[in-house]
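Okay, structure first, notes after.
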Amino acid sequence: MKQSFHRIFSIMSKKRTLLFSLKLAISIPLTWWVLSRVNIGDSAEKIENLDLSWGIPALICFLFIILIGGLRWYIFYRALSRTVSLDFLMKINFSATFLGQVLPAGIGSDAAKIWFLSRKERKLSVCISSVILDRLIGLASLLILIAIFIPISFTYISNEDAKYAIIIALVCGGLGFVFLLFLACLPNLFKNLKIMASIANHINFARKEGLSIKPVFFSLLLSFFLHLMAVLVVKFLANSIGLEIDFILCLALIPTVMLIATLPISLAGWGIREGAMVTAFSYVDIIPSEALALSVLFGLLTIIASTPGAITWILQTKLLKRNAN
């Protein structure tokens with residue numbers, strides 16, 4: 032299992048430049064497309080005049096989002112192993128969130144989680160599987176929320192193309208989830224494809240060892256709360272720039288935006304999140320420059336809220352260098 036892990040990351044390392052280039056090739060056109068639709072000056076003015084009486088509560092909520100995410104991950108980790116404490120996993124989650132936003136090398140927060148956790152957890156299969164389970168539950172809960180609030184979404188949206196887009200996003204997300212479960216159930220199907228076979232084996236291990244009723248139930252509850260907190264962050268940020276949006280409207284639109292933003296086709300979600308936010312709010316008569324300001328603030332808040340992770344990362348790096356010497 033350990034050799035398999037290193038083989039995957041060795042291949043990923045060789046292709047990292049290509050992956051970064053592809054993501055950059057997607058992020059730049061997306062960003063250009065968004066900027067071509069908005070008045071950048073108006074967006075910048077909105078951000079400059081941010082009302083901190085709403086911005087600070089948004090920051091506090093985002094800190095809770097990172098903490099809830101760490102707790103959800105810990106639930107699955109505890110189902111697989113008991114080597115690492117909750118405190119250590121929380122530190123990793125902050126660091127991984129920060130690195131996932133600021134590193135230009137195309138390294139996602141999930142890869143950072145696995146790397147940090149593998150410093151203490153000897154079983155790399157546990158490191159990978161805990162992250163896989165955390166990601167699967169996050170995706171499942173998001174799809175459930177979108178499905179629940181589709182009727183409400185359609186009461187706000189009159190554009191038929193927008194309605195179809197939401198349904199397509201939900202169906203594609205569901206198919207992606209089913210495909211991952213398909214990998215888990217039939218790992219031998221990909222035995223001739225080394226990378227796919229290794230990924231399938233890890234997903235299969237995660238399914239067998241971690242998908243029991245208790246951790247799934249509690250992690251789903253945490254996931255719903257996490258997504259609702261993210262919607263609340265958007266509502267607070269909207270208030271901070273003088274944009275009046277109903278919480279129910281945010282609840283109807285933001286989960287779909289979050290689903291699209293999680294697609295691993297851009298750098299830390301930049302570009303694709305802005306495009307999704309501007310497009311979604313345009314269907315409910317929100318000015319594009321205001322939607323762009325809202326999305327940029329959300330991205331900046333992610334970095335600011337995860338800044339404690341930068342300190343942890345620096346200290347961890349120094350400790351590893353000291354031990355190596």
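In terms of the working numbering, the sequence shown has 165 at position 134, counting the first letter as 1, and numbering is strictly consecutive.
All C-beta atoms in this analysis are idealised placements derived from N, C-alpha and C, irrespective of residue type, glycine included.
Note that this is a predicted model, so its numbers are computed, not measured.
Identify which residue in the options has its Cα closest to the Cα of residue i.
i    : options                : result
Q347 : F236, N235, S149, P286 : S149
L206 : P286, Y187, L174       : L174
G72  : T333, G306, P319, Q132 : P319
A292 : S67, Q132, A110, R68   : Q132
T310 : D192, T128, N270       : D192
S161 : A110, W85, W301        : A110
R166 : L242, N270, K151, G306 : L242
M260 : R68, W63, S67, L94     : L94
Using the Cβ count rule (16 or more neighbours within 10 Å means buried), how would you classify residue i?
i    : result
C92  : buried
L323 : buried
I59  : exposed
I87  : exposed
W104 : buried
I145 : buried
K239 : exposed
K349 : exposed
K266 : buried
I234 : buried
I177 : buried
S172 : buried
Short check: CB of residue i to CB of residue j, under 8 Å?
i    : j    : result
I99  : L253 : yes
F180 : L282 : yes
I264 : F329 : Sequence check: residue 264 is Val here, not Ile. Going by C-beta atoms, V264 is nearer than 8 Å to F329.
S229 : F107 : no
S126 : V157 : no
V327 : I96  : no
A237 : I163 : yes
L120 : G139 : no
G340 : F208 : no
E321 : L274 : yes
N270 : W63  : no
Nearest-angstrom Cα distance between residue i and residue j?
i    : j    : result
L290 : L170 : 8 Å
I342 : R153 : 24 Å
K245 : F278 : 31 Å
L83  : I276 : 18 Å
L201 : V288 : 11 Å
V315 : M308 : 11 Å
K194 : S337 : 34 Å
K183 : N80  : The residue asked about is misnamed: residue 183 is Ile in this sequence, not Lys. If I take the Cα positions, the gap works out to 32 Å.
I317 : N70  : 13 Å
W344 : D118 : 14 Å
F210 : E76  : 44 Å
K122 : V262 : 24 Å
A142 : I188 : 37 Å
L280 : I303 : 20 Å
F256 : I285 : 14 Å
L325 : I272 : 8 Å
G137 : N124 : Residue placement at G137 is poorly supported in this model, since its pLDDT is 48, which falls under 50; the coordinates still yield a value, given next. When rounded, the distance between both Cα atoms is 18 Å.
I334 : S74  : 19 Å
I199 : L294 : 14 Å
C203 : L214 : 16 Å
R68  : H258 : 28 Å
A196 : N190 : 10 Å
Taking residue i and residue j to be in contact with their CB atoms under 8 Å, please state how far apart those CB atoms are, rounded to whole angstroms.
i    : j    : result
L268 : A89  : 5 Å
V247 : I168 : 7 Å
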